[in-house]
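These notes are about the structure you will find just below.
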Amino acid sequence: EEELPDGLDESCSQEEDEDSDSDASSVAGVSSRGSVAPVSRNCVECLAQPTEAQEKVLKPALVCSLFPNVPPTIYFSTRDERVEKLPWEQRKLLRWKMCTVTPNIVKQTVGRSHFRVSKKSNDWLGCWGHHMKSPSFRAIREHQKLNHFPGSFQIGRKDRLWRNLLKMQARCGKKEFNFFPQSFILPQDIKLLRKAWEEGTSRQKWIVKPPASARGIGIQVIHKWSQLPKRRPLLVQRYLHKPYLIGGKKFDLRIYVYVTCYDPLRVYLFKDGLVRFASCKYSSSMKSLSNKFVHLTNYSVNKKNTEYKSNSDETACQGHKWALKALWSYLTQKGVNSEAIWEKIKDIVIKTIIASEPYVNSLVKMYVRRPYCCHELFGFDIMLDENLKPWILEVNISPSLHSNSPLDVSIKGQMIRDLLNLAGFVLPSTDSVASRPQTRSGSTCSLGSALKEKPKPASEHFIAEKVKKAYYLTQKIPDQDFYSSILDILTPDDVRILVETEDEYSRRGQFERVFPSHISMRYLRFFEQPRYFNILVTQWELKYYLNKHKGLELLKNWCVKGYHTGAGTDLAQTWSLPKSFFLQKSSVQSSGFSKLELGRLG
Numbered sequence: 001e002e003e004l005p006d007g008l009d010e011s012c013s014q015e016e017d018e019d020s021d022s023d024a025s026s027v028a029g030v031s032s033r034g035s036v037a038p039v040s041r042n043c044v045e046c047l048a049q050p051t052e053a054q055e056k057v058l059k060p061a062l063v064c065s066l067f068p069n070v071p072p073t074i075y076f077s078t079r080d081e082r083v084e085k086l087p088w089e090q091r092k093l094l095r096w097k098m099c100t101v102t103p104n105i106v107k108q109t110v111g112r113s114h115f116r117v118s119k120k121s122n123d124w125l126g127c128w129g130h131h132m133k134s135p136s137f138r139a140i141r142e143h144q145k146l147n148h149f150p151g152s153f154q155i156g157r158k159d160r161l162w163r164n165l166l167k168m169q170a171r172c173g174k175k176e177f178n179f180f181p182q183s184f185i186l187p188q189d190i191k192l193l194r195k196a197w198e199e200g201t202s203r204q205k206w207i208v209k210p211p212a213s214a215r216g217i218g219i220q221v222i223h224k225w226s227q228l229p230k231r232r233p234l235l236v237q238r239y240l241h242k243p244y245l246i247g248g249k250k251f252d253l254r255i256y257v258y259v260t261c262y263d264p265l266r267v268y269l270f271k272d273g274l275v276r277f278a279s280c281k282y283s284s285s286m287k288s289l290s291n292k293f294v295h296l297t298n299y300s301v302n303k304k305n306t307e308y309k310s311n312s313d314e315t316a317c318q319g320h321k322w323a324l325k326a327l328w329s330y331l332t333q334k335g336v337n338s339e340a341i342w343e344k345i346k347d348i349v350i351k352t353i354i355a356s357e358p359y360v361n362s363l364v365k366m367y368v369r370r371p372y373c374c375h376e377l378f379g380f381d382i383m384l385d386e387n388l389k390p391w392i393l394e395v396n397i398s399p400s401l402h403s404n405s406p407l408d409v410s411i412k413g414q415m416i417r418d419l420l421n422l423a424g425f426v427l428p429s430t431d432s433v434a435s436r437p438q439t440r441s442g443s444t445c446s447l448g449s450a451l452k453e454k455p456k457p458a459s460e461h462f463i464a465e466k467v468k469k470a471y472y473l474t475q476k477i478p479d480q481d482f483y484s485s486i487l488d489i490l491t492p493d494d495v496r497i498l499v500e501t502e503d504e505y506s507r508r509g510q511f512e513r514v515f516p517s518h519i520s521m522r523y524l525r526f527f528e529q530p531r532y533f534n535i536l537v538t539q540w541e542l543k544y545y546l547n548k549h550k551g552l553e554l555l556k557n558w559c560v561k562g563y564h565t566g567a568g569t570d571l572a573q574t575w576s577l578p579k580s581f582f583l584q585k586s587s588v589q590s591s592g593f594s595k596l597e598l599g600r601l602g
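This is the structure we're talking about:
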């Protein structure tokens, strides 16, 4: 295939790429038995070849929106379904950009929806590839989606993750951010590490990690200062030496976290995941510290042990890899409240994503044409201690989707299918695909000619939205009564965001949305700066989570009237408000906001 444009194929050292050996060499099709089969690049026309002629459920190619006047999204099926073919004029737009790290499981899923490999650099709708430098995101056009956000390495690199969590802990308190071990980044924190080391006991253990590696490479557990590697940079953490054990072995959890948007923030957790065991029984002995099969849970490390046992049954508690749901069943039988553990994990995920939020939002506004263009799957690694308290170990921005067993295929296959449905791929118009890429503003004119044009007066809708946002972002001591009034009058922008949020939620499959939710108000104080749309969607959930139908009917009525496109004529008359609310020149001055401040606040 051709290389992706403007750095889309740049490698990123923090990615977890366990599947590179098996997925990089060829485009995968589906064999007559439905299994992965390498296909010659010369004969690849469609990503998925016809499967056996067994009776499969026929599914429509497009999923209708819950709301009128909103375009449908492309449907992605399971292996037990087949998707109807769109007419050629629409089907020819289904192009997927391949790169060396596109996993087979993604290739197969998009192939079942009749996507074909893109042979050009600009006609693709979707790409599952490497992370890339932030300015390269400018190359992604309005109708295209890449599986990364600019700046997500702020939690994807180990050193940045801990630096950002420490910053959150300093700002919000240890009580709220006590789910990660004491951490030091060398060489900057060498004196602080020395002080902590000297204050510790003689039997203390520390784990040393390169900040931008994966698959257990370069990780070691030490107990003497002299064992500290001389190379820098390094992440040094206090070792969690009392993990919860099953069958005498330590384990960690791979939790799949999917973010569809950062403003408003929308975060989902897949309800299943993986439990990865060390392949040798745990020992706290100093003599065992060099044995990676005892202290590391990475699959890429433990599969090299002759004692490693695979597991092909997602319901069975056997071998060195379990399904997450199997672990919850196991713990429940032991009398453990597994639901309480899951709630704590959700809390960790939300707070960790919020730690990256200011960086990502800033870069998205700078380099991404529209929010639609980005989405991201994160792999959170969580460990339970002897008291079943969850601790975050790291976050992977390219979690492995390698599927070398029926267990992997079942969990990751369902997860990717649900993720792509949740992403909401929309068929673009033929003109938008064929047209030349424009600047981020969508204008093809030069900067000089743009400056010569007279600015157009702001519409009543636009001005009303600016005032409303400013109003809700500048209250010094807001309370619930104040925040709830944000739903009293919905602007066209409000309706658009709420329609997107509800439509997306209806396509969630086995994902659980953890933000926004009816309890999300408690998380708003952790954001570095308040976001108007976060307040809006959180209040919407709080008001309608027990009566979804009522909220949906309300939004449908607004869509019929065309408010989500700004088609209303007289905003003040439509919402029965005095004209003075909508910011005539005098009301700007009386409100205390300059036009510059309104622009900044909005």
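Reminder that position 485 of the sequence shown reads as 485 in full-length UniProt numbering, one-by-one numbering, no gaps.
Glycine included, every Cβ here is placed at the ideal spot set by N, Cα and C.
Suppose contacts are defined by Cβ-Cβ distances below 9 Å. Is residue i in contact with residue j by that definition?
i           : j      : result
Ser237      : Lys195 : Sequence check: residue 237 is Gln here, not Ser. Not in contact: Gln237 and Lys195 (Cβ atoms no closer than 9 Å).
Val349      : Val275 : no
Glu81       : Lys56  : yes
residue 677 : Leu384 : Any property of residue 677 remains undetermined from this structure, which presents the chain solely from 1 to 602.
Pro516      : Thr501 : yes
Cys261      : Phe526 : no
Tyr75       : Leu66  : no
His320      : Ser310 : yes
Phe179      : Lys59  : no
Leu473      : Tyr532 : yes
Ile219      : Lys303 : no
Phe380      : Tyr544 : no
Leu427      : Leu125 : yes
Pro181      : Glu386 : no
Leu186      : Leu235 : yes
Ser520      : Glu541 : yes
Pro68       : Val467 : no
Phe378      : Ile217 : no
Phe137      : Tyr367 : yes
Phe153      : Ile353 : no
Under a CB-based cut-off of 9 Å, is residue i close to chain C?
i      : result
Asn298 : Chain labels in this structure do not include chain C; a single protein chain is all it has.
So the beta strand (DSSP E) residue i belongs to, where does it begin and stop?
i           : result
residue 626 : Only positions 1 to 602 of the chain appear in the structure, and residue 626 is not among them; the question remains open.
Tyr256      : 251-262
Ser183      : 183-186
Pro406      : Note, Pro406: premise wrong, no beta strand (DSSP E); alpha helix (DSSP H) at 406-423.
Val267      : 265-270
Glu176      : From DSSP, Glu176 is part of no beta strand (DSSP E); its letter is neither H nor E.
Arg95       : 95-97
Val426      : Segment: none, Val426 is in no beta strand (DSSP E) and carries neither H nor E.
Would you list the residues sitting across from residue i in a DSSP beta bridge?
i      : result
Gln237 : Ser183, Ile207
Thr73  : Val63
Glu81  : Val57
Ala323 : Leu274
Pro390 : Leu384
Ile222 : Trp206
Cys127 : Lys97, Leu146
Val395 : Phe380
Over the uninterrupted alpha helix (DSSP H) stretch that includes residue i, give me the two end residues.
i      : result
Ala196 : 190-199
Tyr244 : Here Tyr244 belongs to no alpha helix (DSSP H), and DSSP marks it neither H nor E.
Lys107 : 104-112
Val294 : 292-295
His402 : Note, His402: premise wrong, no alpha helix (DSSP H); not H, not E.
Leu546 : Taken as a continuous stretch (DSSP letters only), Leu546 belongs to no alpha helix (DSSP H), as it is neither H nor E.
Arg523 : Note on identity: in this sequence residue 523 is Tyr, with Arg being the wrong assignment. Counting along the chain, Tyr523 falls outside any alpha helix (DSSP H), and DSSP gives it neither H nor E.
Tyr308 : No alpha helix (DSSP H) contains Tyr308, which DSSP labels as neither H nor E.
Asn302 : 299-302
Glu357 : 338-367
Quiz item: Does the region 402-415 come within contact of the region 94-110, defined as at least 3 CB pairs closer than 8 Å?
Solution: yes
Practice problem: Please determine if the region 484-491 and the region 304-320 are in contact, where contact requires at least 3 C-beta pairs separated by less than 8 Å. | Solution: no
Quiz prompt | Any alpha helix (DSSP H) of 4 or more consecutive residues that is wholly inside the region 449-519 | solution = 460-473, 480-484, 492-506
Practice problem: Tell me, please, whether the region 291-298 touches the region 396-412 by the rule of three or more beta-carbon pairs shorter than 8 Å. | Solution: no
Quiz item: Are the region 135-151 and the region 358-378 touching by the rule of at least three beta carbon pairs closer than 8 Å?
Solution: yes
Practice problem: May I have a chain-ordered list of the alpha helix (DSSP H) segments no shorter than 4 residues that lie completely inside the region 132-162? | Solution: 153-156
Quiz item: Do the region 496-515 and the region 244-253 make contact, defined as three or more Cβ pairs closer than 8 Å?
Solution: no
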